[in-house]
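In the working numbering, the protein residues as written are 37 to 300.
Glycine included, every Cβ here is placed at the ideal spot set by N, Cα and C.
In this text the structure is predicted, and so the values were computed from the model without any measurement.
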Ligand SMILES: [Zn+2]
Ligand SMILES: [Zn+2]
């Protein structure tokens, strides 16, 4: 399996980072994609990927850190983007949920990074919270998916958004939230599965956040990806094995720089 979005460099893994990687491998998670949040954390993500087989990096400035961005930072990220273990640009977008940064800081940084990702010929990993309409409009205005695809990570929207973005080469990142509240109620994101082409679904943990049931509320880690895979397989009427093969193939198509798996 491929965990398309995680943050193993989060301090919550300081005590057992290497063990978490080992546990993930034991559970069949062979590829882990570490996501940057600032220039410094992106640099650390690249170093982390360099030091670990099967770990890759995504570089970018997260909207919650937009106030920390300095002129020249996107140029620094462009330099990092040339590293062979960097497989996408992100996570970028806008977040008005907690407003760590004002919109006047978030929007220009978002637009600048969409352009930089195109320059770097990388797919884009998008984060949005309480900013859906604005983020989708900006992505379309900037032609974000013209060269490479876009991943709407932690996808929580409904069928309308899926139907709008899927034809434009968008991917949809499904994580632990798909395991929440199923059976008694249908979430918009599970309804959206009816209109999302299967070849556009990505699996992610977003560790250390959003642990799947039965680990909800505790620290998430890539070894728990199988719970999300099982829930997604059930929602799609697939066997877990089929779901794993499908999402692996999807991730390899999205992250075009990922090398072919050994033995393939
Ligand atoms: Zn995010
Ligand atoms: Zn994230």
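For residue 38, the secondary structure class from DSSP, reduced to helix, strand or coil, is strand.
Less than 7 Å separates the beta-carbon of residue 121 from that of residue 93.
Runs of the beta strand (DSSP E) spanning 3 or more residues and lying entirely within the segment 165–226 occur at 186–188 and 206–210, in chain order.
Here residue 242 is not near residue 38, since their CB atoms are 7 Å or more apart.
Between residue 209 and residue 248 a beta carbon distance of about 14 Å is seen, past the 8 Å cut, so the two are scored as non-contacting. Annotation for residue 168 indicates a beta carbon at 6 Å or more from all heavy atoms of ligand 1. Going by C-alpha positions, residue 141 is about 21 Å away from residue 189.
The chain-ordered list of residues whose CB is nearer than 6 Å to some heavy atom of ligand 1 reads 127, 163, 189 and 190. Relative to ligand 2, even the nearest heavy atom lies 6 Å or more away from the CB of residue 57. Leaving aside the five residues that flank residue 77 on each side, the residues in its chain whose CB is nearer than 7 Å to its CB run, in chain order, 45. Of the candidates 81, 193, 126 and 222, 193 places its Cα closest to the Cα of residue 232. Proximity of the segment 124–138 to the segment 95–111 meets the contact definition, three or more beta-carbon pairs being nearer than 8 Å. Beyond the five residues adjoining it in sequence on each side, residue 235 comes within less than 8 Å, by CB distance, of 282, 285, 286 and 289 in the same chain, given in chain order. Residue 95 and residue 244 have their C-alpha atoms some 18 Å from each other. Using a 10 angstroms sphere on the CB of residue 126, the tally of other CB atoms reaches 16 or more, which defines it as buried. Contact annotation, residue 215 with residue 239: C-beta distance approximately 12 Å; criterion of less than 8 Å not satisfied. Separation of residue 272 and residue 107 (C-alpha to C-alpha, rounded to the nearest whole angstrom) is 45 Å.
For ligand 2, a non-hydrogen atom lies closer than 6 Å to the CB of residue 71.
Contact check for residue 222 and residue 206: beta-carbon distance about 22 Å, past the 8 Å limit, so the pair fails to qualify. When distances are taken from the beta-carbon of residue 187 to the heavy atoms of ligand 2, even the shortest one reaches 6 Å or more. Residue 230 and residue 113 have their alpha carbons spaced roughly 37 Å apart. Taking residue 81 as the centre and dropping the five residues before and after it, the same chain places the C-beta of 45, 70, 71, 72, 93, 94 and 95 closer than 8 Å to its C-beta, in chain order. Around the C-beta of residue 74, 16 or more other C-beta atoms lie within 10 Å, and the residue is accordingly described as buried.
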